[in-house]
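In my numbering, the protein residues as written are 751 to 1309.
Every residue, glycine too, gets a C-beta built ideally from N, C-alpha and C.
In what follows, a structure is listed as structure tokens, so that the remarks can point back to it.
Written as structure tokens, this is what we have:
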């Protein structure tokens, strides 16, 4: 009896024919799978999915994961930024946005801010966030017994609880930058109100915090010497901005940048806190690495101290040194092009559009200024005016790019007859022994001013002495008056006019030579997506959009 059907047909085929049919079948099935897959890809799109674990390395040790105390330590500030929330926060451009605040009403005179706390905002332990929590936090900051490093910011501000969700801030003077003060993280009163000021810095809650931010504390690990090795956090489903995609967030702590980088190269961590310019550049182009560059409102300058240096007390000397500074060369050679030249403390991404004059590079003009004012070159090429020799010391932090910058400045200023001696010191000693007591003739240093800058703390004459930040010891009545008006003015057009006047005055007086603003490098694995920061007010602001970061993905059908 004969067999019929596919099986009989297959048996009837010769070996070569069977091989051909098999190959054709495999090709057909492969093509079918390819087109099905291609159709699925075309009909769907990749979207972030919840899950994953991100580990970041940080140089330093956490001590006070507490917004009242954290600003003095970068490691604390980083943890605070993801565990706590303020009434306001920052977006990807460094602008102020609401966080715990549902709305903010400002009086016509700019002296009263009434804030409504978001309905449904909760702490990580489930308790509601209230106006009482806000008042407790600000009162603790203002109380000298708590030793908050940001206490000065809150002097002249009274806090008034009007109902469980409404708190009013009463200012003695209008201040345009007050919404930025509201970025400070809020403490839960029910956790802290039984802790006395004397025990505040020693409380367990400083290292096992309860906040209202996107991530909640889970655990930390210490070594036998008591150093904290790592922090483990989990996403908070009740966060007012929505639960983050990345479910597990961890931080590992290192004594220095080199140790942290070695750990990254061993794939023990997935990202690193912002690196020095030199180290950050070394990761550009490496496989599996994404190097994010973003702007900080930070300008490096040489601050002149005319109290300690006779030649720097002469206006023409300061003007000539500024004119003899080739800022583009500094950016190219000291920063390998990763930065922007700065002829003033105002940067292009800062808020405002002031019109002002600034000093430009003009080596011949610098020579003429000094010649016309009686500064004559001697046989050694150094200028003198009477008995005053154009020579001074330049104090520099011990950072590679700043040491190189100082060497370049020495060469540039030598061309106009200035003899500059560079003295490099480790930053802690420089701060303690030189900067705070103002024991320098000239100082190469960087200052961060905010995307919406308040130049008062950096240039008003009342800020000349520590803890003020007027490192040039600048004392000018017109500048003081303009800075006070700027603080109280909220109209953008009027602010631009005042800001332009102030910046032009700085350009005329030359209390400092403004140099550049370096790019900031944030290195992480290319498996982490969703980071979107262009400008930030400080290093910790890199976490402003952490809720949108993701590692895991899913595909969804196109609509």
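Rounded straight-line distance, which links the Cα of residue j to that of residue i
i            : j            : result
residue 1141 : residue 1176 : 23 Å
residue 951  : residue 1105 : 46 Å
residue 1291 : residue 840  : 7 Å
residue 991  : residue 962  : 10 Å
residue 880  : residue 890  : 16 Å
residue 799  : residue 1270 : 29 Å
residue 1153 : residue 911  : 52 Å
residue 819  : residue 896  : 8 Å
residue 862  : residue 920  : 5 Å
residue 1272 : residue 1034 : 11 Å
residue 1233 : residue 1210 : 7 Å
residue 1251 : residue 1259 : 12 Å
residue 1294 : residue 1283 : 8 Å
residue 769  : residue 788  : 28 Å
residue 909  : residue 858  : 18 Å
residue 1178 : residue 821  : 16 Å
residue 1185 : residue 1262 : 15 Å
residue 1107 : residue 1247 : 13 Å
residue 1042 : residue 869  : 35 Å
residue 1122 : residue 1228 : 27 Å
residue 867  : residue 1091 : 42 Å
residue 746  : residue 855  : The displayed coordinates of the chain run from 751 to 1309. Any statement about residue 746 would go beyond what the structure contains.
residue 904  : residue 1220 : 20 Å
residue 1161 : residue 1182 : 29 Å
Residue i vs residue j beta-carbon contact at 8 Å
i            : j            : result
residue 1207 : residue 1196 : no
residue 884  : residue 936  : yes
residue 815  : residue 833  : yes
residue 957  : residue 812  : yes
residue 1166 : residue 1063 : no
residue 964  : residue 986  : yes
residue 977  : residue 1222 : no
residue 1297 : residue 914  : no
residue 1237 : residue 1204 : yes
residue 1039 : residue 1257 : no
residue 1003 : residue 825  : yes
residue 1072 : residue 1049 : no
residue 804  : residue 1020 : yes
residue 872  : residue 988  : yes
residue 793  : residue 1307 : yes
Beta-carbon contacts of residue i that lie in its chain and below 6 Å, excluding the five residues immediately before and after
i            : result
residue 837  : 850, 851, 865, 932
residue 934  : 817, 836
residue 941  : 955, 960
residue 1240 : 860, 926
residue 1302 : 799, 801, 802
residue 1067 : 1061
residue 735  : Beyond the ends of the chain as shown, which are 751 and 1309, falls residue 735; an answer cannot be given.
residue 1150 : 1028
Inter-residue CB distance, residue i and residue j (contact presumed, cutoff 8 Å)
i            : j            : result
residue 795  : residue 1305 : 7 Å
residue 1311 : residue 1174 : The structure shown does not extend to residue 1311, since the chain spans only 751 to 1309, so no value can be given for it.
residue 1085 : residue 1027 : 6 Å
residue 1070 : residue 1116 : 4 Å
residue 1052 : residue 1192 : 5 Å
residue 1089 : residue 1267 : 6 Å
residue 1253 : residue 1077 : Contact flag wrong, Cβ pair sits at about 16 Å.
residue 979  : residue 968  : With a Cβ gap of about 14 Å, residue 979 and residue 968 do not count as contacting.
residue 1022 : residue 807  : 5 Å
residue 1145 : residue 1190 : 4 Å
residue 949  : residue 874  : That belief does not hold up - the Cβ atoms of residue 949 and residue 874 are roughly 22 Å apart, past 8 Å.
residue 1159 : residue 981  : In fact, because the Cβ distance is near 41 Å, the residues do not count as touching under 8 Å.
residue 882  : residue 939  : 5 Å
residue 1147 : residue 1120 : Actually they do not touch by this definition, with Cβ atoms about 29 Å apart.
Cβ neighbours of residue i in the same chain (closer than 8 Å, five flanking residues each side left out)
i            : result
residue 943  : 886
residue 1288 : 827, 1046, 1198
residue 1006 : 809
residue 1225 : 1211, 1214
residue 923  : 861, 906, 1237, 1238
Residue burial classification, residue i (beta-carbon count within 10 angstroms, cutoff 16)
i            : result
residue 1163 : buried
residue 1299 : buried
residue 1201 : buried
residue 1018 : exposed
residue 797  : exposed
residue 1031 : buried
residue 906  : exposed
residue 1155 : buried
residue 946  : exposed
residue 772  : exposed
Own chain partners of residue i with C-beta closer than 7 Å, once the 5 adjacent residues on each side are dropped
i            : result
residue 1128 : 1134
residue 1285 : 843, 844, 1044, 1045, 1099, 1201
residue 930  : 846, 1200, 1202
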